[in-house]
Amino acid sequence: MDEVVIFGAGGHGRVVLDILAQAQSYTPIGFLDNNVQLHDRRVDGLKVLGGVAHASELYAKGVRRAIIAIGDNGVRRDIARRVEALGFELVSAIHPSARLATNVTLGKGLVISAGALVCAHVQIGDYAILNTGCIVDHESMIGMAAHICPGVRLAGHVVAESGAFIGIGATVIQNVRIGFEAIVGAGAVVVKDVEPMTTVVGVPAQPIKDAPSADEFAAMLAPIGADPRDPMSLQR
Numbered sequence: 000m001d002e003v004v005i006f007g008a009g010g011h012g013r014v015v016l017d018i019l020a021q022a023q024s025y026t027p028i029g030f031l032d033n034n035v036q037l038h039d040r041r042v043d044g045l046k047v048l049g050g051v052a053h054a055s056e057l058y059a060k061g062v063r064r065a066i067i068a069i070g071d072n073g074v075r076r077d078i079a080r081r082v083e084a085l086g087f088e089l090v091s092a093i094h095p096s097a098r099l100a101t102n103v104t105l106g107k108g109l110v111i112s113a114g115a116l117v118c119a120h121v122q123i124g125d126y127a128i129l130n131t132g133c134i135v136d137h138e139s140m141i142g143m144a145a146h147i148c149p150g151v152r153l154a155g156h157v158v159a160e161s162g163a164f165i166g167i168g169a170t171v172i173q174n175v176r177i178g179f180e181a182i183v184g185a186g187a188v189v190v191k192d193v194e195p196m197t198t199v200v201g202v203p204a205q206p207i208k209d210a211p212s213a214d215e216f217a218a219m220l221a222p223i224g225a226d227p228r229d230p231m232s233l234q235r
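By numbering that gives the first Met the number 0, the letter at position 132 of the sequence shown is numbered 131, and the numbering carries on one by one without gaps.
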């Protein structure tokens with residue numbers, strides 16, 4: 000099996016390591032993590048080789064594949080881009096118990112955990128996480144570096160834009176759009192669109208953090224080249 004290095008040795012890294020063991024898809028050679036207290040220690044039997052900066056040395060030694068196992072959406076996206084710029088191929092970790100329709104469109108660098116159910120014609124952007132037991136129903140779109148937490152239920156034609164975070168056990172009804180880097184709180188029931196960079200909680204979900212103005216939002220998107228009209232706009 001091809002070798003792979005895992006970026007992130009925290010809880011999500013442990014999950015990814017287990018997925019790789021279950022799927023028998025790649026051979027992990029070690030973790031990279033910027034927590035110096037973990038360096039040269041073993042996490043679930045796999046050594047933490049050093050910080051993220053150690054990646055270039057591994058690449059020089061012939062390691063070509065990486066998985067970004069970091070739960071924070073922005074950090075995951077930024078490290079993924081840095082790692083790709085070094086020349087690494089970002090591969091995905093998909094648990095063998097996950098059920099994916101045959102016509103799902105998959106990006107790169109994904110983590111799809113145990114029991115996830117992904118239905119017909121769903122599109123999943125690069126670096127996204129579909130966590131344990133979540134359901135993504137037909138023709139939904141999951142944007143780049145979005146995180147769908149354990150037990151989330153997305154009905155058909157839902158759009159989760161780039162960087163969206165949908166908390167554990169939340170439900171989103173059909174035809175709803177979750178905006179760029181919006182946060183849906185745990186257990187919320189979302190019955191209408193959520194504006195970009197807004198936090199909503201409750202049943203039905205209501206905002207507790209207001210969205211930025213149109214001008215503020217455009218200024219925030221400009222440095223990362225995102226188009227607010229396109230939920231997949233952070234994909235290359």
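Glycine included, each C-beta is placed from N, C-alpha and C at the ideal position.
- For the beta strand (DSSP E) that contains Glu2, what are its first and last residues? According to the DSSP assignment, Glu2 belongs to the beta strand (DSSP E) that extends over 2-6.
- Query: Taking buried to mean at least 16 other C-beta atoms within 10 Å of its own C-beta, is Val202 buried or exposed?
  - Reply: The residue in question, Val202, is exposed, as its Cβ has fewer than 16 Cβ neighbours within 10 Å.
- Can you round the beta-carbon distance between Gly186 and Ala163 to whole angstroms, since I take them to be within the 8 Å contact cut? That belief does not hold up - the Cβ atoms of Gly186 and Ala163 are roughly 17 Å apart, past 8 Å.
- Go through its chain and collect everything with a Cβ distance to His53's Cβ below 8 Å, but skip five positions before and after it. Only Leu31 meet the Cβ criterion.
- State the Cα-Cα distance for the pair Gly29 and Arg98, rounded to the nearest angstrom. Rounded to the nearest angstrom, the two C-alpha atoms are 28 Å apart.
- For the beta strand (DSSP E) that contains Ala65, what are its first and last residues? Note, Ala65: beta strand (DSSP E), 64-67.
- Message: Please return the same chain residues whose Cβ sits closer than 7 Å to the Cβ of Ile69, not counting the five positions on each side in sequence.
- Response: The residues are Phe6, Gly7, His11, Arg75, Ile78.
- Ala181 versus Val199 - alpha carbon distance: Taken atom to atom, the span from the alpha-carbon of Ala181 to that of Val199 is near 8 Å.
- Message: Would Met143 and Val158 qualify as a contact pair, given that the criterion is a beta-carbon distance under 8 Å?
- Response: The answer is no: Cβ separation not under 8 Å.
- Query: For His11, which of helix, strand or coil comes out of DSSP?
  - Reply: In the three-state DSSP reduction, His11 falls in the helix class (H, G or I).
- Item | Close Cβ partners of Gln122 (< 6 Å) along its chain, the five nearest in sequence each way excluded | Cβ neighbours of Gln122 beyond the five flanking positions: Thr104, Met140.
- Query: Taking the alpha carbon of Lys60 as the point to measure from, which residue in Val189, Leu85, Ser24, Arg40 has its own alpha carbon closest?
  - Reply: Closest option to Lys60, Cα to Cα, is Leu85.
- Message: Considering only the alpha carbon of each residue, which of His94, Gly49, Arg80, Val47 lies closest to Val14?
- Response: Closest by alpha carbon: His94.
- Task: Using alpha carbons as the reference points, say which of Gly106, Val183, Lys191, Leu129 lies closest to Ser96.
- Result: If we check each option's Cα against that of Ser96, Leu129 comes out closest.
- Message: Would Ala92 and Ile134 be called neighbours here (beta carbons separated by less than 8 Å)?
- Response: No, these two residues do not count as a Cβ contact at 8 Å.
- Query: Using a Cβ-Cβ cut-off of 6 Å (strictly less than) and excluding sequence neighbours within five positions of Gln23, which residues of its own chain qualify?
  - Reply: Contacts found: none.
- Option in Leu89, His120, Phe179, Ala204 with minimal Cα separation from Lys191: Of the listed residues, the one whose Cα sits closest to Lys191 is Ala204.
- Query: Measuring CA to CA, which of Lys46, Gln173, Thr26, Met196 is closest to Val188?
  - Reply: Nearest of Lys46, Gln173, Thr26, Met196 to Val188, Cα basis: Gln173.
- Query: Ordered along the chain, which non-local residues of its own chain (more than five positions away) have a Cβ less than 6 Å from that of Ala113?
  - Reply: So the qualifying residues of the chain are His94, Ser96, Thr131.
- Message: Please report the distance separating the alpha-carbon of Asp71 from that of Ser161.
- Response: Answer to the nearest angstrom: the Cα atoms are 13 Å apart.
- Counted within 10 angstroms of its Cβ, other Cβ atoms place Thr101 as buried (16 or more) or exposed: Burial call: exposed.
- Query: Can the beta-carbon of Asp43 be found closer than 8 Å to that of Leu19?
  - Reply: Asp43 places its beta carbon 8 Å or farther from that of Leu19.
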